Every structure is written in structure tokens, then in C-alpha cells.
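Per numbering that gives the first Met the number 0, the very first residue in the sequence shown carries number 0; after that it's consecutive. All residues carry an ideal CB built from backbone N, CA and C; glycine is no exception. What you are looking at is a predicted structure, and each value in this text was computed from that prediction instead of being measured. First up is the structure itself, then whatever we jot down about it.
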Amino acid sequence: MKWNKKRKVTSKLLSFYKKSEDKYHEVNLQDANVFKKIFLIVASNIKSILVFVCILAAIWTIVSYVGSFGKKTVILSLNYQEASKGQNPNLTRYNVFELKSDEVMERVIEYAGLQDDVTPAELADHIEIAENDSGKTIDPLDMNTYYISTSYTVTYTKDRNIKNISTDDMVELICKAYNDMFHEEYVGTKSVLQYDLGDIEGMEYIEIARLFTKKSDQMLRYIQQRIEQNATYRSDVTGQSFQTIRRMIQNVQSYSIKKYYAFVLESGMARNKDHYTRTLTYKNEMLNIKYRKFMIDYNVRKQGVENYDSAMIGTVMVPSVNEKREYYMSRTNIGTDYLTRDADFSLSQGSAVERNIIENSDIMSKVSVSSPVDEDYAKAEELIKSVDNELKEVALLADTTDKEYIKHTTKDYLTFTGVTGSDSMFVLRSLIGSALIFFLLLCVAYYFLDGYIRRREESLYE
């Protein structure tokens, strides 16, 4: 009974399997090597192998095609110089897996409005990241050189819990969230446009006005640099250019800050009159010392220029050739030029210090004779809040415009390219690739099947 069962199993295997000696009568597999055995076994069973290959490849292609409906793949490319060194634009270490970080996933969820449907960790589980082969070497001459990838494949598999957003839309949101985070963290800088007045409790009212002016001047200098870089840029988000923002800041300075300064100055307001007066007196003493120093420097240099022989000045000329190779006499810098320049600098610095002294003296005279009432202090506090709010609004507008400008100028730092291709090409590639793999696997399987059948036959006849 047991013998009959073994014969039935063997006969079923032989129904689609043909021995090599049945086709090649003069072949002795006992003396052949492994590769020759496999070749003869495959050649003897090529028809059945091809049938199995076709069936398995077709099944695999159908499964892959159906499974691809819920997947979307994009190529992430890093296109800035520091990327070849494995760095972000600000020279910190680059880590592509930040794309799956909670910070980025939370942005995606916020953009998609899925706060109640999925968590950052759950969404990250549906994203796969792999390096591409287009890496760049750090140092080709280094024996221990290694490759830094500047291109990655990002694949998103649809989460079945997300019903209202397509796979394509979700991938776009992922790319946008990562791009936004990347530019904010590694491309943009923390600038003076991120306005914060700070703690002004206990600060004198006049000093608050000076603080307003200082911070607005810092913003103006920053905006002026942007205007010099691109005077025509206009943000699509804010609708403003850097030139209009500059005018906004200047308007705050010309009207709101000056209005506040004039009010507290004419009212002679001080939180602590005696202490503030002593402080200004001390400042003026120090400023007087600086003023005398600058004026001494100015007078010394001025006297040096006056004592210089004027006849000598007109004779210091040297023959020269311009860019067109034309001959001319060039005047060289001599001692009087340097003395004059230094004298002008000392005079301008001394004049600035003198203005500060006059301003402080005016403040002291107003504070010493004033008697502001509660209504004056209340109005001053209102003006402080008003100016602070105006600067906050302008700074927020300027900061948003500046961030959009940075994105505009660095928009190609990160590029996301969708992996496109026709369905017919996908089917053809999947069919050919799976057919080759299954053919190799079946060749090995038939080799082991041949050994199994032979051992079975030998055991049947023992």
C-alpha cells in the first residue's frame, strides 16, 4: 500500500517532468558538473518551464499592477552645493529621514485637515525612502572615500483610513510640508524682521522711543539690502514688495514713533524723575569727554593740513595709463589727503556726540520742570501699545515677504519629480522582469526536483 502511494506521487511529478536521459540518450548525469546538469535538465523540460514562467509572470504582473493603484513615487533631488558634502545649506548635517519626522507629518496633517483621522506616526509608516545611485563622492582621491546621495526615491502607500484625499494629493502635501520645513530651518535665517520689543517694564519713556527707533532702523537696513538684491520682487502671498515695506517702516518712524517721542518729551514724563536726571547727567559727562577727544583730533589734523606746503600739493603727479592705454597724469594720495579724511571723520563723530548732549540736556530740562498727570501716563501707555502693534504688523508682513523671497531664490534647492510612465510600459517591464526571475528560480527548482525524483525511484525499487 505504501509502495503504491509512492508510485502515485512519482507518477504525478513525472507527468510534467522529463528526465534528461529520455531526451539525450547518451548523456550520463553522474559524470556531469552542476551547471551541465542544470542545463540538460532545463533543456529537457523547457516547455513545461516556459508554461510555468508565463503563468507565474502573468499572476505577478496582475498583482503588481493592482497594488500600484495605491502607491505614488517621487524623486527628491538636492540641488545646492553643500548637498554633495552631506550638508544642509546652513552647513548642518543633512538627514533625509526628517521628511518622516513628526514636525513634517504634523504639517501634512494640518494642510490636509486630517487631525482627527491619522497621527504623525501612522502617516510616517506609509512613507518609504531609499537612496538612488546618483551619489557624489566627498573626495575621489581618498582611499576611504564614501558616497553621499543627492537623490532619493520617496514612495507613499495609501492609508485606507484616509478616504477624502487621493494618493497624488497626499504626495503633493508631503512634498510641500517638507519643502516648507527645509527652507524655514536650513535656508532662511533668523533675521531682525522677527520683531520683539522685549521687556520694557521699568524703562523710561524716552528710552522706549529710542528703542522703537533702533529696532525700526535695523529692519530698514535689512529691507534695503533686499531692495539692492531685487528691487522688483513682489510676494504672491503678501502682495507687497520690499520697497512698499520700506515705506511702511518709514511711515511708522515719521508719524507714530515721532508722535510718541514728542508727547513724552513735551510732557517731561519719567518713571523715576531723580534717577533718570542723574543718569542723563552722567551720560552727558561721558559724552563730553568723547566730544573733547574728537574735537582735539579734528583740530590737530586741521592744523596739519593748514601747515602743509600748498606748493607741494600741486606737484605730486605721476604718469599713468588708463584702461584704453591712454596716457594721463594721475594725482596720488599724499599726507594731506589722509589728514583731511581723518579730520572729517573726527568732526562728524564729534557733531553726533554734541547732538546727543543737547538732546539729553533738553530732556533733563523738560523732566525737571514737568508735572504729568495720570491721564498723561495712560496716554503714553496707549501710544506705546499702538507703536508696538504697528511695528509687529509691519515686521510680520516683512518677514513673510522675506521668507517667500528666499523660497523664490532657492526654489530649486529641493525638486520633486514624479515617476511617470504609461500603464503598458509598466506591464511590459513587470512582465519581462518577473519572467526572468521566475525562469531562474524554476531552473534551480527543476534541478532539485530531478534529484528528488531520482531518490524516490531508487527507494521504490530497493
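| Item | Value |
| --- | --- |
| Using C-beta distances below 6 Å, list every residue in its chain close to residue 123, excluding the 5 sequence neighbours before and after it, in chain order. | 99 and 104 |
| Under the rule that 16 or more other beta-carbon atoms within 10 Å means buried, what is residue 106, buried or exposed? | buried |
| Quick check on the burial criterion: 16 or more other C-beta atoms within 10 angstroms. Buried or exposed for residue 281? | exposed |
| Consult DSSP for residue 269 and reduce its assignment to one of helix, strand or coil. | coil |
| Is it the case that the segment 361 to 377 contacts the segment 261 to 277, given that we only count it when at least three CB pairs across the two stretches are under 8 Å? | yes |
| Do residue 215 and residue 239 count as a contact pair if the criterion is CB distance below 8 Å? | no |
| Does the Cβ of residue 300 have 16 or more other Cβ atoms within 10 Å, making it buried, or fewer, making it exposed? | buried |
| CB-CB under 7 Å to residue 108, same chain, minus the five flanking residues each way: which ones, in chain order? | 114, 117, 119 and 122 |
| Between residue 462 and residue 279, is the Cβ-Cβ spacing less than 8 Å? | Residue 462 lies beyond the stretch modelled for the chain, which goes from 0 to 461, so this question has no answer here. |
| For residue 169, which option in 55, 155, 62 and 44 has the closest C-alpha, if you only look at C-alpha atoms? | 155 |
| Quick one: what does DSSP say residue 72 is sitting in, helix, strand or coil? | strand |
| Between the Cα of residue 405 and the Cα atoms of 180, 163, 52 and 341, which residue gives the shortest distance? | 180 |
| Could you name the residues of the same chain whose beta carbon sits closer than 7 Å to that of residue 437, not counting the 5 residues immediately before and after it, in chain order? | 52, 55 and 56 |
| Looking only at its chain, what residues have a beta carbon closer than 8 Å to the beta carbon of residue 454, apart from the 5 residues adjacent to it on each side? | none |
| Hey, residue 409 and residue 73: beta-carbon distance below 8 Å or not? | no |
| So if DSSP puts residue 463 in a beta bridge, which residue, or which two residues, is it bridged to? | With the chain running from 0 to 461 in the structure shown, residue 463 is simply not present. |
| Report the three-state DSSP secondary structure of residue 230 (helix, strand or coil). | coil |
| Where DSSP assigns a beta bridge to residue 240, which residues make up the other side? | 233 |
| In the DSSP assignment, find the alpha helix (DSSP H) that holds residue 153 and state where it starts and stops. | Note, residue 153: premise wrong, no alpha helix (DSSP H); beta strand (DSSP E) at 150 to 156. |
| Which residues in the same chain have their Cβ closer than 6 Å to the Cβ of residue 477, if we skip the five residues on either side of it in sequence? | Because the chain spans 0 through 461 in this model, residue 477 falls outside it and cannot be assessed. |
| Let's see if you can read the secondary structure: which residues bound the beta strand (DSSP E) around residue 128? | 126 to 130 |
| May I have the straight-line CA-CA distance separating residue 421 from residue 428, to the nearest angstrom? | Confidence in residue 421 is poor, its pLDDT being 46 and thus under 50, which makes the residue's placement unreliable; the coordinate value appears in the next sentence. Cα to Cα, the separation comes out at about 11 Å. |
| In terms of residue numbering, what span does the alpha helix (DSSP H) encompassing residue 408 cover? | 373 to 408 |
| DSSP three-state call for residue 113: helix, strand or coil? | coil |
| Skipping 5 residues on each side, what residues in its chain have a beta carbon closer than 6 Å to that of residue 234? | 400 and 403 |
| What is the DSSP secondary structure of residue 199, counted as helix, strand or coil? | coil |
| At a cut-off of 7 Å, is residue 35 close to the ligand GDP when judged by its beta-carbon and the heavy atoms of the ligand? | Looking for the ligand GDP in the displayed structure turns up nothing, as the structure carries no ligands at all. |
| Going by the CB atoms, is the gap between residue 166 and residue 175 shorter than 8 Å? | no |
| Quick one: grab the DSSP three-state call for residue 55. | helix |
| Whose CA, out of 58, 96, 205 and 202, lies closest to the CA of residue 177? | 96 |
| According to the Cβ coordinates, are residue 357 and residue 263 closer than 8 Å? | no |
| Take residue 220 as the anchor and find which of 397, 62, 198 and 265 has the nearest alpha-carbon. | 397 |
| List the whole-angstrom C-beta distance separating residue 211 from residue 386, where the pair is believed to meet the contact cut-off of C-beta under 8 Å. | 6 Å |
| Rounded to the nearest angstrom, what separates residue 195 and residue 283 at their Cα positions? | 29 Å |
| Would you please state the rounded distance, in angstroms, between the beta carbons of residue 147 and residue 445? I believe it to be under 8 Å. | Actually they do not touch by this definition, with Cβ atoms about 45 Å apart. |
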